[in-house]
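Number of protein chains: 2
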Amino acid sequence: MTLHIGFLVFPRVQQLDLTGPYEIFSLLPSATVHLVWKDREIVTSTTGIGFTPTTTFAECPMLDVLCVPGGIGVNPLMQDAETLAFVRRQAERARFVTSVCTGSLVLGAAGLLEGRRATAHWLARDALAGLGAIPTAGRVVRDGNLITAGGVTAGIDFGLTVVAELAGREAAETIQLHLEYAPAPPFDAGTPETAPPPVVAAVRDRLAGSRAERQAIIAAVGRSPATV
Amino acid sequence: MTLHIGFLVFPRVQQLDLTGPYEIFSLLPSATVHLVWKDREIVTSTTGIGFTPTTTFAECPMLDVLCVPGGIGVNPLMQDAETLAFVRRQAERARFVTSVCTGSLVLGAAGLLEGRRATAHWLARDALAGLGAIPTAGRVVRDGNLITAGGVTAGIDFGLTVVAELAGREAAETIQLHLEYAPAPPFDAGTPETAPPPVVAAVRDRLAGSRAERQAIIAAVGRSPATV
Chain C
21 MTLHIGFLVF PRVQQLDLTG PYEIFSLLPS ATVHLVWKDR EIVTSTTGIG
71 FTPTTTFAEC PMLDVLCVPG GIGVNPLMQD AETLAFVRRQ AERARFVTSV
121 CTGSLVLGAA GLLEGRRATA HWLARDALAG LGAIPTAGRV VRDGNLITAG
171 GVTAGIDFGL TVVAELAGRE AAETIQLHLE YAPAPPFDAG TPETAPPPVV
221 AAVRDRLAGS RAERQAIIAA VGRSPATV
Chain W
21 MTLHIGFLVF PRVQQLDLTG PYEIFSLLPS ATVHLVWKDR EIVTSTTGIG
71 FTPTTTFAEC PMLDVLCVPG GIGVNPLMQD AETLAFVRRQ AERARFVTSV
121 CTGSLVLGAA GLLEGRRATA HWLARDALAG LGAIPTAGRV VRDGNLITAG
171 GVTAGIDFGL TVVAELAGRE AAETIQLHLE YAPAPPFDAG TPETAPPPVV
221 AAVRDRLAGS RAERQAIIAA VGRSPATV
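As you go down the protein sequences, you meet chains C and W in turn.
If you use this note's numbering, the first sequence closes out at 248, no skipped numbers anywhere.
If you use this note's numbering, the second sequence closes out at 248, no skipped numbers anywhere.
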């Protein structure tokens, strides 16, 4: 039986949030991976690489796994009724409802995180509280059928975790070896706890604009949670 | 001054070989990242995701960094005179000549690895000897201005290594933290030494076809190395 795995794509999606787990799911023989958006026009990611949706909200089959990646483009989605309705509709029946990075904010805006443990990029995790979630530190955080991943590259650890759930540990290990995933970062700056303070300050500075925009949107949507 | 970083794109490129380091280089403020192919028609990667070239062999500026990703599509490239001529022309002046995964085989077929230490995906590393290189185990292997990475996900460690060379350690650490790259693989199967034997057998089996095809091509081009 084919497993249908669908990524929400949208303008200014963070490219690697999507392409990391997409690569992993594509190597699962039983899976068909979809890129879903309102229409089939190419959407441009944060890096400039474009993605062509393979299906639309209207035509997308019921998904076994719904995955919402993050990126600066998440901000308008949190107030986009059409997107939130699609996410809610798929989440009702999906075996796993998932996100990478700030994608969890879209799940929250759709009313799917009420009282549930979830994570996000380290600079966005606190914002989950404004959407009813219990912000939880972790590279991959599971609460029932909800699986959320931390920032960007956490999507790779997440992808292997989900494959193990869907098809067993050996299937996940086979993909891990195929992709030679034995990471060896040249530096130890991947978390705010381990990075030098000037590096933490530089990232906070770079992302200050999107963070402020996000907080304003959550203050607005948090007052009228879209849980209907 | 703008740094020009160019990825060769081609049909059946391994998607994450390219998208991992592409994400990293895109976050380097001083860099412009190019996708280079013979024409500007969309090319389809191994996963089905398409890439639209941003420039062509004829129009590409001289690159500071040339990067050749891998994938099954590498096999025909090893015998493609137009591609090999482009690679040689850029390599003459590039500050760094680089590859991810089986991309190093294209550098070898272009005559650029003679007597030099280089690496590739663990299942392709031995093939480098047939192209004059000294096959070398390692996630990121450097020999002078030649920087080659191991299989697929090694491209992320590679990307950070190259950014540190181009712009300093703090620039690389800033990107690492932005991407929350503190990997935590759920399993320890990323190398043939650590993976369970049935997993190693499964990957060998999956990749047997492309490996046989590769070996036949290298036996042919190895007899007439394209070093002119």
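Even glycine gets a Cβ: it sits at the ideal position worked out from N, Cα and C.
Cβ neighbours of residue i in the same chain (closer than 6 Å, five flanking residues each side left out)
i        : result
GLY123/C : VAL88, PRO89 and GLY90
ALA144/C : THR122
THR72/C  : ILE62
SER119/C : VAL88, LEU127 and THR168
ALA51/W  : LEU23, ILE25 and PHE45
ILE176/W : GLY40
ARG32/C  : THR66, GLY91, ILE92 and GLY93
THR181/C : VAL160
ALA174/W : ARG159
GLY70/W  : ILE62 and THR64
ALA149/C : PRO155
SER230/W : ILE92
ASP163/W : ARG136 and ARG137
Cβ-based burial, residue i [other Cβ within 10 Å; buried from 16]
i        : result
ARG224/W : exposed
PRO81/W  : exposed
VAL248/W : Its pLDDT being 38, under 50, VAL248/W is placed unreliably in this model, and the value from its coordinates should be taken loosely. Its Cβ having fewer than 16 others within 10 Å, VAL248/W is exposed.
ASP84/C  : buried
ARG136/W : buried
ARG60/C  : exposed
GLU200/W : buried
ARG113/C : exposed
GLY179/C : buried
ALA239/W : exposed
GLU140/W : Residue 140/W is actually Ala in this sequence, not Glu. Buried, by the Cβ-count rule.
ALA147/C : buried
CB of residue i within 8 Å of CB of residue j, strictly
i        : j        : result
GLY170/W : GLY152/W : no
GLN110/W : THR67/W  : no
THR156/W : ALA130/W : no
VAL56/W  : TYR42/W  : no
PRO203/C : PRO218/W : no
ARG299/W : HIS198/C : Residue numbering for chain W in the displayed model covers 21 to 248; residue 299/W lies beyond these limits and cannot be assessed.
ASP37/C  : VAL172/C : yes
ASN165/W : PHE116/W : yes
Residue i: contacting residues in chain B (beta-carbon distance under 8 Å)
i       : result
ASP84/W : The question asks about chain B, but that chain is absent: this structure's protein chains are C and W.
Nonlocal neighbours in the same chain, by C-beta distance under 8 Å from residue i, ignoring five residues either side
i        : result
VAL14/W  : Outside the modelled stretch of chain W, which goes from 21 to 248, sits residue 14/W, for which no answer is possible.
THR76/C  : VAL56, TRP57, LYS58, ASP59 and ARG60
LEU133/W : SER124, LEU127, LEU148, LEU151, GLY152, ALA153 and LEU166
LEU86/W  : GLY26, LEU28, VAL107, GLN110, ALA111, ALA114, PHE116, VAL117 and THR118
MET21/W  : SER50
The ligand FAD heavy atom lying under 7 Å from the CB of residue i
i       : result
SER46/W : Of the ligands one can find in the structure shown there are none, so the ligand FAD has no counterpart to examine.
Contact set for residue i: own chain, Cβ-Cβ below 7 Å, skip 5 residues either direction
i        : result
ALA215/C : ALA209
GLU233/C : ASN95
ALA187/C : LEU48 and SER50
GLN212/W : What sits at residue 212/W in the sequence shown is Pro, not Gln. Taken in chain order, the residues that qualify are TRP142 and VAL220.
GLY30/C  : Strictly speaking, residue 30/C in this sequence is Phe, with Gly absent from that position. These residues qualify, in order along the chain: TRP57, VAL63, GLY93 and LEU97.
ILE237/W : ASN95, MET98 and GLN99
**Message:** For a minimum of 4 consecutive residues, which ranges assigned as the alpha helix (DSSP H) are wholly contained in the stretch 73-118 of chain C?
**Reply:** 94-97 and 101-113
**Request:** Return the chain-ordered ranges of every alpha helix (DSSP H) run that is complete within the stretch 156-234 of chain W and spans a minimum of 4 residues.
**Result:** 174-187, 189-198 and 217-226
**Message:** Measuring CB atoms only, is the stretch 94-104 of chain W touching the stretch 208-221 of chain W, in the sense that at least three cross pairs come out at less than 8 Å?
**Reply:** Taking one beta carbon from each stretch, the stretch 94-104 of chain W and the stretch 208-221 of chain W have fewer than 3 pairs nearer than 8 Å; the two do not touch.
**Asked** Is the stretch 188-208 of chain W touching the stretch 220-234 of chain C in the sense that three or more CB pairs, one from each, lie closer than 8 Å?
**Response** yes
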